[in-house]
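K.L.:
I have a structure I would like to understand better, so I am pasting it below and will then ask my questions one at a time.
There are 2 protein chains.
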Amino acid sequence: MARAGLTTERLARAGAELADEAGLDRVTVSALARRFDVKVASLYSHLRNSHDLKTRIALLALEELADRGSAALAGRAGKDALTALANVYRDYAREHPGRYAAAQTRLDPETAAASAGVRHAQMTRAVLRGYDLAEPDQTHAVRLLGSVFHGYVSLEMGGGFSHSTPDTQETWTRTLDALDSLLRNWPAP
Amino acid sequence: MARAGLTTERLARAGAELADEAGLDRVTVSALARRFDVKVASLYSHLRNSHDLKTRIALLALEELADRGSAALAGRAGKDALTALANVYRDYAREHPGRYAAAQTRLDPETAAASAGVRHAQMTRAVLRGYDLAEPDQTHAVRLLGSVFHGYVSLEMGGGFSHSTPDTQETWTRTLDALDSLLRNWPAP
DNA sequence: GCGTCTGCCTAAAAGGTTTAGGCAAATCGG
DNA sequence: CCGATTTGCCTAAACCTTTTAGGCAGACGC
Chain A
1 MARAGLTTER
11 LARAGAELAD
21 EAGLDRVTVS
31 ALARRFDVKV
41 ASLYSHLRNS
51 HDLKTRIALL
61 ALEELADRGS
71 AALAGRAGKD
81 ALTALANVYR
91 DYAREHPGRY
101 AAAQTRLDPE
111 TAAASAGVRH
121 AQMTRAVLRG
131 YDLAEPDQTH
141 AVRLLGSVFH
151 GYVSLEMGGG
161 FSHSTPDTQE
171 TWTRTLDALD
181 SLLRNWPAP
Chain B
1 MARAGLTTER
11 LARAGAELAD
21 EAGLDRVTVS
31 ALARRFDVKV
41 ASLYSHLRNS
51 HDLKTRIALL
61 ALEELADRGS
71 AALAGRAGKD
81 ALTALANVYR
91 DYAREHPGRY
101 AAAQTRLDPE
111 TAAASAGVRH
121 AQMTRAVLRG
131 YDLAEPDQTH
141 AVRLLGSVFH
151 GYVSLEMGGG
161 FSHSTPDTQE
171 TWTRTLDALD
181 SLLRNWPAP
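Chains A and B are the protein sequences, given in the same order. Here UniProt numbering is used: the first residue of the first sequence is 1, the next is one more, and so on. Here UniProt numbering is used: the first residue of the second sequence is 1, the next is one more, and so on.
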């Protein structure tokens, strides 16, 4: 009997593809076994359980996002950097909706601390180097930017901005203008 | 055999309670049947399927949120209104995490159009009456506020702002200050 | 080539989803 | 007030997903 060559890595990658194609809620251990033409139980040598699979997809997505982010940020500063990073999130969510959804999976603290999530915070902080913000305002701003990026992307993807006018692209551009303006004129406490 | 008195309404309400207590992912038709001490199949006279249950919980949550929002907005304007509405979302998510999670369920367009989601957009627009924004900037601002409210609340709940300093309450306050400032000084295109 | 280890297998239990069809309680018309 | 109809919850059953236990054979180390 030929071996399928399963690894945790390949399972996570295939799970990510399946999430993008069929939606995160259809990513099951069973579906994955079918995709590898292997019996379900075989996957349990590589995965602790079903939630473990989701976690691994989340970690994969966070890492891909962080890689794209640091590539986009290289050589940019100020509004240019802000726009580049923001677009990384939006574009990734559009290209990989299932992976993006997986990236929102709640991770337990140790896993989160070891994840690429840390790099995300660093990247946002890097964007803020182009603006003049001291602590604790810098941390407030990091959190605000994270909120806007995530909030906008998830509402847009969820159809929350459904009515057609104005264009959501237009809103996105204006939102980034607004954030840039806000960061340049951050209000004193 | 005595009847349990099930209705779609009661099922949605019990589902919402269960979501808050155990988490949205543990809200199943089976669990709900157990709670009513009734056989599983009986629920299928009141619910089309499992997804239908989630949808009804989502609609319930959206309505409760809208009710709280309009109560909070009554008699307030400007930053006062902004803060009040923002706190409605944050407080609701803290009090009812399962319901809040359910409210993020993607609804099909007809359901969404008939839902309280419409009132949410109107409430945000009402807040903006306290600021001087003409269309299309007003719509851009509606979307921005929605993004920040939703993004902040979901990141905070998901533990995204985990490190302890500064306090997330402090960030929240400063975020609202920043939004107020931004709306008063909305950048020209 | 032999032994060990590992990877995928079969088997099986347990629980969730959903449909079909039945009986009895509630409700309504006379 | 009683018979007919409707409605609500039931049993039964099929199907799917998750997860554990234990087995056999292919890959690898010597």
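All C-beta atoms, glycine included, are put in the ideal place defined by N, C-alpha and C. Source: prediction; values computed, not measured.
Interface residues of chain B around Asn185 (chain A) at Cβ under 8 Å?
P.N.:
Ser181 and Asn185
K.L.:
Leaving aside the five residues before and after Gly130 (chain A) along the sequence, list all residues of the same chain whose C-beta is less than 7 Å from its C-beta, in chain order.
P.N.:
Ala77, Gly78 and Ala81
K.L.:
Can the beta-carbon of Thr55 (chain B) be found closer than 8 Å to that of Thr111 (chain B)?
P.N.:
yes
K.L.:
With three or more C-beta pairs closer than 8 Å as the rule, is the segment 141–154 of chain B touching the segment 109–124 of chain A?
P.N.:
no
K.L.:
State the Cα-Cα distance for the pair His51 (chain B) and Arg10 (chain A), rounded to the nearest angstrom.
P.N.:
Cα to Cα, the separation comes out at about 31 Å.
K.L.:
Under a three-way DSSP split, which group does Gly5 (chain B) fall into?
P.N.:
Gly5 (chain B) carries a coil assignment under DSSP once its states are collapsed to helix, strand and coil.
K.L.:
In angstroms, rounded to a whole number, what distance separates the CA positions of Ser164 (chain B) and Arg94 (chain B)?
P.N.:
About 18 Å.
K.L.:
May I ask you to list, following chain order, the residues of the segment 76–99 of chain B that have a beta carbon less than 9 Å from some beta carbon of chain A?
P.N.:
none
K.L.:
Please name the residue, chosen from B:Ala134, B:Asp108 and B:Thr139, that lies closest to Met123 (chain B) on a Cα-to-Cα basis.
P.N.:
The shortest Cα separation from Met123 (chain B) among B:Ala134, B:Asp108 and B:Thr139 belongs to B:Thr139.
K.L.:
If we require 4 or more residues per run, which alpha helix (DSSP H) segments fall completely within the segment 14–55 of chain A?
P.N.:
29–36
K.L.:
Is the separation between the beta-carbon of Leu182 (chain A) and that of Ala141 (chain B) shorter than 8 Å?
P.N.:
no
K.L.:
Taking Cβ positions, are Ala66 (chain B) and Leu73 (chain B) nearer each other than 8 Å?
P.N.:
no
K.L.:
Residues in the segment 122–135 of chain A with C-beta within 7 Å of chain B's C-beta atoms, listed in sequence order?
P.N.:
Those would be none; no residue qualifies.
K.L.:
Have a look at Leu176 (chain B) and Arg48 (chain B) and give me their C-alpha separation to the nearest angstrom.
P.N.:
Cα atoms of Leu176 (chain B) and Arg48 (chain B): separation of roughly 42 Å, rounded to the nearest angstrom.
K.L.:
If you measure from the beta carbon of His140 (chain B) to each beta carbon in chain A, is any gap under 8 Å?
P.N.:
Yes, His140 (chain B) counts as interfacial toward chain A.
K.L.:
Whose Cβ in chain A lies nearer than 8 Å to the Cβ of Ser162 (chain B)?
P.N.:
Pro109 and Ala112
K.L.:
Could you confirm whether any beta carbon from chain A is found closer than 8 Å to the beta carbon of Ala101 (chain B)?
P.N.:
Answer no: the Cβ-Cβ gap between Ala101 (chain B) and chain A never drops below 8 Å.
K.L.:
Could you check the C-alpha separation between Ala16 (chain A) and Val153 (chain A) for me, to the nearest Å?
P.N.:
19 Å
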